[in-house]
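Quick notes on the structure that follows.
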Amino acid sequence: MKQQMGSALSVLRRIHEQLSLLRSSKTLPLSLEERNSVEALENELSRNEKWTEEDLQLFPIEQREKEVFAFLSGLRRHVV
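Using my numbering, you'd call the opening residue of the sequence shown number 3 and step up by one each time.
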């Protein structure tokens, strides 16, 4: 039980880290397409309802992290 709870909390932490990175990217001079991408990624990571342990176990966190990393890598031109 504790291990499952720990795993769920780990996923939740990773979700919040990705959301924080995406929200920080909004301070850059993003194009309309980039802003739309941020919103889409945020929507995939956010919920109107509370996360359940089962939701977190089923959430494809690795895939979402890859998508966020790919998006953020494309923003390098804004910070050079």
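Note that beta-carbon positions come from the ideal geometry of N, C-alpha and C, so glycine has one too.
Exposed or buried, what is residue 71 when buried is set at 16 or more other beta-carbons lying within 10 Å of its beta-carbon?
The residue labelled residue 71 in the question sits at position 69 within the sequence shown. Classification for residue 71: exposed.
Quick one, are the C-beta atoms of residue 74 and residue 23 less than 9 Å apart?
Locating residue 74 in the sequence shown gives position 72, counting from the first residue. Locating residue 23 in the sequence shown gives position 21, counting from the first residue. In this structure, residue 74 places its C-beta atom within 9 Å of the C-beta atom of residue 23.
Taking a contact to mean a Cβ-Cβ separation below 9 Å, would you say residue 25 touches residue 46 in this structure?
Numbered from 1 along the sequence shown, position 23 holds the residue referred to as residue 25. Numbered from 1 along the sequence shown, position 44 holds the residue referred to as residue 46. Result no, Cβ atoms of residue 25 and residue 46 do not sit closer than 9 Å.
Residue 59 to residue 8 span [Cα, whole Å]
Indexing the sequence shown from 1 puts residue 59 at position 57. Indexing the sequence shown from 1 puts residue 8 at position 6. When rounded, the distance between both Cα atoms is 11 Å.
Use the C-beta contact count for residue 81: other C-beta atoms within 10 angstroms, 16 or more gives buried, fewer gives exposed.
Sequence index remark: in the sequence shown, residue 81 carries index 79 (1-based). Exposed, since its Cβ has fewer than 16 Cβ neighbours within 10 Å.
Considering only C-alpha positions, which residue in the set 48, 39 and 15 is nearest to residue 76?
Indexing the sequence shown from 1 puts residue 76 at position 74. Closest by alpha carbon: 39.
Within 10 Å of its beta-carbon, does residue 27 have 16 or more other beta-carbons around it, so buried, or fewer, so exposed?
Residue mapping note: residue 27 aligns to position 25 of the sequence shown, counting from 1. Residue 27 is buried by the Cβ-count criterion.
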